[in-house]
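A.B. asks: Quick note, the sequences are listed as chains A and B, same order. Using this note's numbering, you'd call the opening residue of the first sequence number 1 and step up by one each time. Using this note's numbering, you'd call the opening residue of the second sequence number 1001 and step up by one each time.
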Amino acid sequence: MRPFSWRFYRLWQRDRDVFFRLWHSEGAGAIIEPILILMAFGMGMGAFVGDIGDQRYIEFLAPGIIVAYAMFAASFECTYGSYFRMEHHYTFDAILATPLNVEDIAAGEIFWGATRAFMTGCIILAIAAAFQLVPSFWALLIPLVAALSGLMFASIALFFTSIVPSIYTFNFFFTLFITPMFLLSGVFFPLNRFPEIVQTLSWIAPLTPVAHLARGLFQGEFQPEMLLALGIIIVWIVVFFSITLVTMRRRLTK
Amino acid sequence: MSKSPEPFDRVIMAIIIKTTNLTKKFKDLVAVDDINLEIEEGECFGLLGPNGAGKTSIIRMITAVSPPTRGDIRVDGRELKKYPREVKAILGVIPQTDNLDEDLTVIQNLLTFARYFAIPREVAYQRSVEILHSMALEEKRNSKIDELSGGMKRRLLIGRGLVNAPKIIILDEPSIGLDPQARHMVWRKLRELKSQGITQLLCTQNMEEAARLCDRVAIIHQGRIIDIDTPQAFVTRYMSSRVWEIDVTSDEHDSIIRELESRQLEFEEFAGIIHVFPKDDSLLEGLPGVARAATLEDVFFKLTGRSLVE
Chain A
1 MRPFSWRFYR LWQRDRDVFF RLWHSEGAGA IIEPILILMA FGMGMGAFVG
51 DIGDQRYIEF LAPGIIVAYA MFAASFECTY GSYFRMEHHY TFDAILATPL
101 NVEDIAAGEI FWGATRAFMT GCIILAIAAA FQLVPSFWAL LIPLVAALSG
151 LMFASIALFF TSIVPSIYTF NFFFTLFITP MFLLSGVFFP LNRFPEIVQT
201 LSWIAPLTPV AHLARGLFQG EFQPEMLLAL GIIIVWIVVF FSITLVTMRR
251 RLTK
Chain B
1001 MSKSPEPFDR VIMAIIIKTT NLTKKFKDLV AVDDINLEIE EGECFGLLGP
1051 NGAGKTSIIR MITAVSPPTR GDIRVDGREL KKYPREVKAI LGVIPQTDNL
1101 DEDLTVIQNL LTFARYFAIP REVAYQRSVE ILHSMALEEK RNSKIDELSG
1151 GMKRRLLIGR GLVNAPKIII LDEPSIGLDP QARHMVWRKL RELKSQGITQ
1201 LLCTQNMEEA ARLCDRVAII HQGRIIDIDT PQAFVTRYMS SRVWEIDVTS
1251 DEHDSIIREL ESRQLEFEEF AGIIHVFPKD DSLLEGLPGV ARAATLEDVF
1301 FKLTGRSLVE
């Protein structure tokens, strides 16, 4: 593995500039969907669900939705977004002719994916606060959790991008990996109703520790589990970030 | 002591690109086979070869996109393997495939590219405006990329290759797919850049392009260099001054072939036309056909064969 350099920032700047040039075409949709989910599930269905512990269902749901949509933002950016730049617009090939190396490009894409997750986290948190759903000031740390989970999911997504044969393969990534996590990682309901073994296994899914961490901060309640969650997230990041630098080099330099 | 002027100008020219035993293998295919090149500062050096000859593989290795299987590359005194960033900083790469950034406007393409080279903002802006001017793209400054014609895109690609004020520009088929007007504009631009002292490595299968632009040409075939020389010397070394072309119909074909053989003339048949390479024009007396001047293309066919390489 070769290290990346500060030059990744140049690619990050490029992605940022393009995003703010075109944000109205993709940014709006990314905000409307989580609001609809909060309304439909939180308010609509939540009325039938009743309280979870001592909190309203929508308060339980909100932190999960924040990190889940951070996951979506990073994952879409570093699958379809990166793939288009790489295979259809040959943007990476063009950039490789400059002092940037493959590792700088991969790191730039991942950090931009994490930035998208961070921005998504900030916006949904602000909306949740506007609906007076945020009980604790610790919740202000949630965008950082979103950024961290963005770093993780962007690394995993870009790894997948570096090995896919075609753009259609991303269907598997979303239907077999992202969507099941969205539904089953403790975003919509607490996992403690499941047998012990299932609960333990669910921690393999990277969204589970993220949801735990976000929920704890949202409530301002700290448990030792949260440190474990943070540790798991960091391990995922280190592993997939490193692998992706290698697989991306393999893909782009033949 | 003043330096003696002339006569060894070419000898004292610095070697700016040097490859030693450069080899690239893909599984069971040897794309580039033990190539030694010495490209002099300020010259326009052409790589001429049919499809699949290994031209693009050579360029990809020299631009640090593709690691060589074996061999060394030195650019401007630096070993490429150790200093890829430093080397890439002085190269302007103009690819065959249009890879302009379609998410950005024309001028943003230049400014963003300049940023990859860490060129300060004001310098980048000033240079970009100059480039748009010299490439006749000023009016398209804020256009989207998909609003440009093929010729404009190619000019922008060349312009983008110049934002870092490179010492060497590397061009892969710079005029392919362009109409004659656009092609001549590109050629004029490249000659202009050469007169500014910028070294050019030009990869092409267009003989006219090679003959017009290149000081020296390497003819590449099946991953090897067959020969290196100036376009003019290639023609005088390998060809008689004129080529006699006979457009034969089927009923006279055999008799003409017999006649050529009996006169011991060197000839080749290709796509229904017989090309005769006479040592002496008197041998042609009485034959049907027309004379034309020998070109680099004839040399190329002679050295690489006329059969289609896939």
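Glycine included, each C-beta is placed from N, C-alpha and C at the ideal position. Note that this is a predicted model, so its numbers are computed, not measured.
Counting contacts by CB-CB distance shorter than 8 Å, is residue 89(A) in contact with chain B?
C.D. replies: On the first sequence, position 89 is the one that residue 89(A) refers to. So, interface residue.
A.B. asks: Ordered along the chain, which non-local residues of its own chain (more than five positions away) have a Cβ less than 6 Å from that of residue 151(A)?
C.D. replies: What you label residue 151(A) is simply residue 151 of the first sequence in a count that begins at 1. Cβ neighbours of residue 151(A) beyond the five flanking positions: 114, 237.
A.B. asks: Answer yes or no: do residue 112(A) and residue 87(A) have a C-beta to C-beta separation smaller than 8 Å?
C.D. replies: Working through the first sequence from its first residue, we reach residue 112(A) at position 112. Working through the first sequence from its first residue, we reach residue 87(A) at position 87. Contact flag unset, no.
A.B. asks: Locate the beta strand (DSSP E) running through residue 186(A), then write down its first and last residues.
C.D. replies: By 1-based counting over the first sequence, the position of residue 186(A) is 186. Here residue 186(A) belongs to no beta strand (DSSP E), and DSSP marks it neither H nor E.
A.B. asks: So which residues of chain C does residue 1116(B) contact, with C-beta pairs closer than 7 Å?
C.D. replies: Of the protein chains in this structure, namely A and B, none is chain C.
A.B. asks: My output table needs one value for residue 1028(B): the three-state DSSP class, helix, strand or coil.
C.D. replies: Locating residue 1028(B) in the second sequence gives position 28, where the first residue counts as 1. Note: residue 1028(B) maps to coil in three-state DSSP.
A.B. asks: Hey, which unbroken runs of the alpha helix (DSSP H) at 4 residues or more fall wholly within the region 1149-1216 of chain B?
C.D. replies: The region 1149-1216 of chain B contains these whole alpha helix (DSSP H) runs: 1150-1160, 1180-1195, 1207-1213.
A.B. asks: Along the region 22-35 of chain A, what residues have a CB closer than 9 Å to any CB found in chain B?
C.D. replies: So the close ones are 22.
A.B. asks: When we look at the beta-carbon of residue 1310(B) and count the other beta-carbons within 10 Å, is it buried (16 or more) or exposed?
C.D. replies: Reading the second sequence from its first residue, position 310 is the one you call residue 1310(B). Low confidence applies here, because residue 1310(B) scores a pLDDT of 44, under 50, leaving its location unreliable and the question unanswered by this model.
A.B. asks: Say whether the region 1073-1093 of chain B touches the region 1163-1180 of chain B, bearing in mind that this needs 3 or more beta-carbon pairs closer than 8 Å, one atom from each stretch.
C.D. replies: Counting Cβ pairs under 8 Å, three or more are found: they touch.
A.B. asks: Can you give me the C-alpha to C-alpha distance between residue 70(A) and residue 253(A), rounded to a whole angstrom?
C.D. replies: In the first sequence, residue 70(A) corresponds to position 70, counting from 1. In the first sequence, residue 253(A) corresponds to position 253, counting from 1. Computed Cα separation, rounded: 31 Å.
A.B. asks: Just checking, does the region 1201-1218 of chain B make contact with the region 1228-1243 of chain B on the three C-beta pairs under 8 Å criterion?
C.D. replies: At 8 Å Cβ cutoff, the stretches touch.
A.B. asks: If I'm right that residue 1038(B) touches residue 1015(B) with Cβ under 8 Å, what's the distance once you round it to whole angstroms?
C.D. replies: Counting from one through the second sequence, the residue named residue 1038(B) turns up at place 38. Counting from one through the second sequence, the residue named residue 1015(B) turns up at place 15. With a Cβ gap of about 5 Å, residue 1038(B) and residue 1015(B) count as contacting.
A.B. asks: Leaving aside the five residues before and after residue 42(A) along the sequence, list all residues of the same chain whose C-beta is less than 6 Å from its C-beta, in chain order.
C.D. replies: For this step, residue 42(A) is matched to residue 42 along the first sequence. Here the set comprises 58, 61.
A.B. asks: For chain A, find out if any of its Cβ atoms is closer than 8 Å to the Cβ of residue 1249(B); answer yes or no.
C.D. replies: Here residue 1249(B) refers to the residue found at position 249 of the second sequence. Not an interface residue.
A.B. asks: Skipping 5 residues on each side, what residues in its chain have a beta carbon closer than 6 Å to that of residue 167(A)?
C.D. replies: Start at 1 with the first residue of the first sequence, and residue 167(A) comes out as number 167. These residues qualify, in order along the chain: 83.
A.B. asks: When the cut-off is 8 Å and only beta carbons count, does residue 1099(B) lie next to chain A?
C.D. replies: Within the second sequence, residue 1099(B) is the residue found at index 99, counting from 1. Cβ-Cβ to chain A under 8 Å: yes for residue 1099(B).
A.B. asks: At least one CB of chain A closer than 8 Å to the CB of residue 1030(B): is that the case?
C.D. replies: Numbered from its first residue, the second sequence carries residue 1030(B) at position 30. By this cut-off, residue 1030(B) is not an interface position.
A.B. asks: So, with DSSP's three-state summary, where would you put residue 227(A)?
C.D. replies: Position 227 of the first sequence, counted from the start, is the residue given in the question as residue 227(A). Helix at residue 227(A).
A.B. asks: Who are the neighbours of residue 1104(B) on chain A, taking C-beta pairs under 7 Å?
C.D. replies: By 1-based counting over the second sequence, the position of residue 1104(B) is 104. By Cβ distance, chain A contributes 18.
A.B. asks: Helix, strand or coil for residue 21(A), going by three-state DSSP, please let me know.
C.D. replies: Locating residue 21(A) in the first sequence gives position 21, counting from the first residue. DSSP places residue 21(A) in helix when its eight states are reduced to three.
A.B. asks: Please list, in chain order, all residues of the same chain as residue 1152(B) whose beta carbon is under 8 Å from its beta carbon, the five residues on each side excluded.
C.D. replies: On the second sequence, position 152 is the one that residue 1152(B) refers to. These residues qualify, in order along the chain: 1137, 1140.
A.B. asks: Using a C-beta to C-beta distance shorter than 8 Å, which residues of chain A count as neighbours of residue 1066(B)?
C.D. replies: As a position in the second sequence, residue 1066(B) is number 66, starting the count at 1. Correct list: 253, 254.
A.B. asks: For residue 116(A) versus residue 73(A), is the C-beta distance shorter than 8 Å?
C.D. replies: Here residue 116(A) refers to the residue found at position 116 when the first sequence is read from its first residue. Here residue 73(A) refers to the residue found at position 73 when the first sequence is read from its first residue. The answer is yes: Cβ separation under 8 Å.
A.B. asks: Are any of the Cβ atoms in chain B nearer than 8 Å to that of residue 56(A)?
C.D. replies: Along the first sequence, read from residue 1 onward, the residue named residue 56(A) stands at position 56. Chain B, which has no Cβ nearer than 8 Å to the Cβ of residue 56(A), makes this no.
A.B. asks: Who are the Cβ neighbours of residue 1005(B) in its own chain at under 8 Å, not counting the five residues just before and after it?
C.D. replies: Along the second sequence, read from residue 1 onward, the residue named residue 1005(B) stands at position 5. Only weak support is given to the placement of residue 1005(B): the predicted model assigns it a pLDDT of 48, under 50, and the value that follows is read from those uncertain coordinates. None.
A.B. asks: Among all the DSSP beta bridges, which residues are the ones paired with residue 55(A)?
C.D. replies: Translated into positions along the first sequence, residue 55(A) becomes position 55. Paired residue(s): 52(A).
A.B. asks: Nearest-angstrom Cα distance between residue 1017(B) and residue 1168(B)?
C.D. replies: Here residue 1017(B) refers to the residue found at position 17 of the second sequence. Here residue 1168(B) refers to the residue found at position 168 of the second sequence. Rounded to the nearest angstrom, the two C-alpha atoms are 9 Å apart.
A.B. asks: Within 8 Å of any Cβ in chain A, is that where the Cβ of residue 1063(B) sits?
C.D. replies: Start at 1 with the first residue of the second sequence, and residue 1063(B) comes out as number 63. Yes - at least one Cβ of chain A is within 8 Å of the one on residue 1063(B).
A.B. asks: Please name the residue or residues paired with residue 1293(B) in a DSSP beta bridge.
C.D. replies: As a working note, residue 1293(B) is residue 293 in the second sequence. The partner list for residue 1293(B) (beta bridge, DSSP) reads 1242(B).
A.B. asks: Going along chain A in order, which residues have a C-beta closer than 8 Å to the C-beta of residue 1093(B)?
C.D. replies: Along the second sequence, one-based indexing puts residue 1093(B) at 93. The contacting residues are 97.
A.B. asks: Specify, as a first and last residue, the run of the alpha helix (DSSP H) that residue 160(A) falls within.
C.D. replies: Counting from one through the first sequence, the residue named residue 160(A) turns up at place 160. Unbroken alpha helix (DSSP H) run through residue 160(A): 142-163.
A.B. asks: Quick one: does the C-beta of residue 1145(B) sit closer than 7 Å to a heavy atom of the ligand ZN?
C.D. replies: As presented, the structure is devoid of all ligands, the ligand ZN included, so that no description of it is given.
A.B. asks: Can you list, in chain order, the stretches of the alpha helix (DSSP H) that have 4 or more residues and sit fully within the region 1019-1078 of chain B?
C.D. replies: You should have 1055-1062.
A.B. asks: Going by beta carbon distance, what residues of the same chain come within less than 8 Å of residue 1280(B), once the five residues before and after it are set aside?
C.D. replies: Within the second sequence, numbered from 1, the residue matching residue 1280(B) stands at position 280. Here the set comprises nothing.
A.B. asks: Smallest Cα separation from residue 79(A): which of 154(A), 245(A), 125(A)?
C.D. replies: As a first step, residue 79(A) must be located in the first sequence, where it is residue number 79. Comparing Cα-Cα distances from residue 79(A) to each of 154(A), 245(A), 125(A), the minimum goes to 154(A).
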